[in-house]
Amino acid sequence: MEAMKITESERWLLSFYRVSEINGAQFFGRLAKNMKDKKIQYDLTKHFADESQHAWLWTKCLGDLNMDPINVMESYQDQYVAAVGLPTNMMEVLAITQVFERRVIGQYGVHRGLKDINPYVAATLDLIMEDEKWHIEWITQSLKEMETKFTKEVVISTLKKYHEADQAVYEKTLKEHGEHLKELMDKKAFKAW
Amino acid sequence: MKATAEKIRQEMAKVLHLNIDAIKDEYPLKTLVAESFLLIELVIELQDTFDIIISQDELPKIETVANLIEMIISKSK
Numbered sequence: 000m001e002a003m004k005i006t007e008s009e010r011w012l013l014s015f016y017r018v019s020e021i022n023g024a025q026f027f028g029r030l031a032k033n034m035k036d037k038k039i040q041y042d043l044t045k046h047f048a049d050e051s052q053h054a055w056l057w058t059k060c061l062g063d064l065n066m067d068p069i070n071v072m073e074s075y076q077d078q079y080v081a082a083v084g085l086p087t088n089m090m091e092v093l094a095i096t097q098v099f100e101r102r103v104i105g106q107y108g109v110h111r112g113l114k115d116i117n118p119y120v121a122a123t124l125d126l127i128m129e130d131e132k133w134h135i136e137w138i139t140q141s142l143k144e145m146e147t148k149f150t151k152e153v154v155i156s157t158l159k160k161y162h163e164a165d166q167a168v169y170e171k172t173l174k175e176h177g178e179h180l181k182e183l184m185d186k187k188a189f190k191a192w
Numbered sequence: 000m001k002a003t004a005e006k007i008r009q010e011m012a013k014v015l016h017l018n019i020d021a022i023k024d025e026y027p028l029k030t031l032v033a034e035s036f037l038l039i040e041l042v043i044e045l046q047d048t049f050d051i052i053i054s055q056d057e058l059p060k061i062e063t064v065a066n067l068i069e070m071i072i073s074k075s076k
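Top line first, the protein sequences correspond to chains A and B. Counting from 0, one number per residue, gives the positions in the first sequence under numbering that gives the first Met the number 0. Counting from 0, one number per residue, gives the positions in the second sequence under numbering that gives the first Met the number 0.
Put into structure tokens, the structure is as follows:
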């Protein structure tokens, strides 16, 4: 595959994806260590492994493009926590993760849809997006099962709260990192994000 | 498991890798657990162990170790 160049803005974006995947892996890895619910532990460990793999795929993608990752200090997860506070129980963790994963799939989908996308970036997005679909599936199923313990109303209201926060986080991201996203926005690629 | 102050301290010590004597009632939780991911890990572990639910809305009420212990004991009854 020919190593077509990407812009510095896209390099920043891939670095941001990479850091967000690393943070996700670290978070799920810690929770998966001692989880007493063995069904959730099984899926959470797979989720942790996927996020680690995705971090590696972004690192490899940048390497294949003869670029190093940019040190991005703040991940998307950091912005979520700043907006909505810390989730406190597993239902809240899974609810915020579901909202986050939907945002990630949307963002990756928009990026993948760019007409002149670099083939290395496209191949990486294709690999990752396949895993992301399963992430949504297992979390949705687990949240359904948690309705018994937490009640359906509480699960729905928690998801609603995080959906609203997600919109605020997205707007904040656009405001703070607009210069990196501008290229994609100029191509009208972000309208669906 | 039925919650007692001693059992809660034991669980906290296990998760935080601290000596149980280091977990004093008057300590602010944010001082004892400065890192946010570790705080989530701790609170989820305590909920799992004592079969209780602590929601995000309740977290601001927990300022000290004593507050956390009281809340867990009251929910564990």
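For every residue, glycine included, the Cβ atom is placed at its ideal position computed from N, Cα and C. These numbers were taken from a predicted model, which means no experiment stands behind them.
For a cut-off of 8 Å, the C-beta gap from A:ASP42 to A:ARG102 is around 20 Å, too long to register as a contact.
Looking only at B:LEU67, B:ILE43, B:LYS74, the smallest Cα-Cα distance to B:LEU31 is reached by B:LEU67. By the neighbour-count criterion, in which 16 or more other beta carbons inside 10 Å mark a residue as buried, B:GLU5 falls on the exposed side. Residues of the segment 69 to 99 of chain A with a C-beta less than 9 Å from any C-beta of chain B: VAL80, VAL83, GLY84, LEU85, PRO86, THR87, ASN88, MET89, MET90, GLU91, VAL92, listed in chain order. Around B:GLU10, no beta-carbon contact reaches into chain A at under 9 Å, the shortest distance being about 11 Å. In the DSSP secondary-structure assignment, B:THR63 is bridged to B:PRO27. Under the DSSP assignment, A:SER8 falls in the alpha helix (DSSP H) whose first and last residues are 7 to 32. Annotation for A:GLN52: the continuous alpha helix (DSSP H) segment containing it runs 37 to 63. By the criterion of a C-beta distance shorter than 6 Å, B:GLU69 is surrounded by no residue of its chain, once the five residues flanking it on both sides are discounted. The three-state reading of DSSP puts A:PRO68 in coil, since its state is none of H, G, I, E or B. Sixteen is the threshold: since fewer than 16 other Cβ atoms of the shown chains lie within 10 Å of the Cβ of A:SER156, the residue is exposed.
Taking C-alpha positions only, B:ASP24 is separated from A:ALA82 by approximately 30 Å. At a cut-off of 8 Å between beta-carbon atoms, B:LEU38 makes contact with chain A. Using a Cβ distance threshold of 8 Å, B:ILE53 and A:ASN88 count as a contacting pair. Taking 8 Å as the cut-off, the Cβ atoms of A:PRO68 and A:ARG17 count as close.
Residues of chain B with a Cβ closer than 8 Å to the Cβ of A:PHE149 are, in chain order, ILE52. A:LYS174 and A:GLU20 have their C-alpha atoms some 22 Å from each other. In the DSSP annotation of this structure, the continuous segment of the alpha helix (DSSP H) that includes A:PRO118 starts and ends at 118 to 149. Within chain B, GLU40, ILE43 have C-beta atoms less than 7 Å from the C-beta of A:LEU30, given in sequence order.
With a cutoff of 8 Å on beta-carbon distance, B:GLN55 and A:LEU158 are scored as not near each other. Contacts with chain B at 8 Å (Cβ-Cβ) include A:PHE26. Contact annotation: the segment 57 to 66 of chain A touches the segment 117 to 132 of chain A, with at least three C-beta pairs closer than 8 Å.
In this structure, DSSP gives B:ASP56 a helical state, which the three-state scheme calls helix. Contact with chain B is found for A:LYS35, since one of that chain's Cβ atoms lies less than 8 Å from the residue's Cβ. With a cutoff of 8 Å on beta-carbon distance, B:THR48 and B:GLU10 are scored as near each other. Within chain A, no residue has its CB atom less than 9 Å from the CB of B:SER75, the nearest being about 15 Å off.
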